[in-house]
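For reference, the structure is listed below as structure tokens.
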């Protein structure tokens, strides 16, 4: 494997490591309904922020014209988990588990940055048998914006790996918002998957791979 000990890889989860997006969006919607939010904007792709915490705040405020109670986010998180238990378990994106294990065994730094809340994110990774440490998991629990929790993922990795800085930071994701966030933060970006292949292929200074397995081969 290439010498990547001074490189940090930051992984999106939904759609990148776990095949969970349709199920998860249904769970999020049902969780808000359970909390009494009836008029829900389900056009999630057009949200200002693609995060659970923003989805809750945005829909609560448009329904009740006031900020949601401080403890509602905790209730929302638990309700999402309850709804997820009603669906089939998340499936691994082929090659994700192998990649994470390869990085881990090779002592290559990595962390996770997800718009989900912590408990649902961990549930998805556990369903797929993908190793994680909660200390490396940055979520929308503390940051509504992707930029916020990606920066948190960097800080978490510095503490976990006891490094003051990384020579290179690479964000890996399947979504256009993942790419835009990396560009905003001036991070390298790797686009994965076929969904946005036409966009990824036509943008300079980013790498594109059709699947995780192909990306993994590029590291060896």
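Numbering (this note's numbering), first residue to last: 2 to 221.
Cβ coordinates follow ideal geometry from the N, Cα and C atoms, glycine included.
Keep in mind that this is a model prediction, so the values were computed, not measured.
Ignore the nearest five residues each way along the sequence and tell me which others in residue i's own chain have a CB closer than 6 Å to its CB.
i	result
residue 98	130 and 131
Indicate the three-state DSSP secondary structure (helix, strand or coil) for residue i in the structure shown.
i	result
residue 114	strand
residue 30	helix
residue 189	strand
residue 143	coil
residue 173	strand
residue 167	coil
residue 208	strand
residue 128	helix
residue 11	strand
residue 36	coil
residue 220	coil
Nearest to residue i by alpha carbon, out of the options?
i	options	result
residue 1	2, 8 and 26	For the chain, the structure presents residues 2 to 221; residue 1 sits outside this window and is missing.
residue 5	135, 45, 108 and 218	108
residue 27	197, 191, 181 and 88	88
residue 212	191, 205 and 206	191
residue 140	101, 203 and 115	115
residue 84	205, 20 and 32	32
residue 48	145, 209, 106 and 127	145
Going by beta-carbon coordinates alone, are residue i and residue j separated by less than 8 Å?
i	j	result
residue 171	residue 10	yes
residue 104	residue 113	no
residue 78	residue 120	yes
residue 29	residue 56	yes
residue 36	residue 76	yes
residue 202	residue 210	no
With a CB to CB cut of under 7 Å and the five nearest residues on each side skipped, what residues in its chain are close to residue i?
i	result
residue 17	94, 173, 174, 175 and 193
residue 185	148
Can you name, in chain order, every residue of its own chain whose Cβ lies under 8 Å from the Cβ of residue i, other than the five neighbours on each side?
i	result
residue 143	149, 150 and 153
residue 3	220 and 221
Original post:
Curious, which full-length beta strand (DSSP E) runs of at least 3 residues does the region 78-109 contain?
Top reply: none
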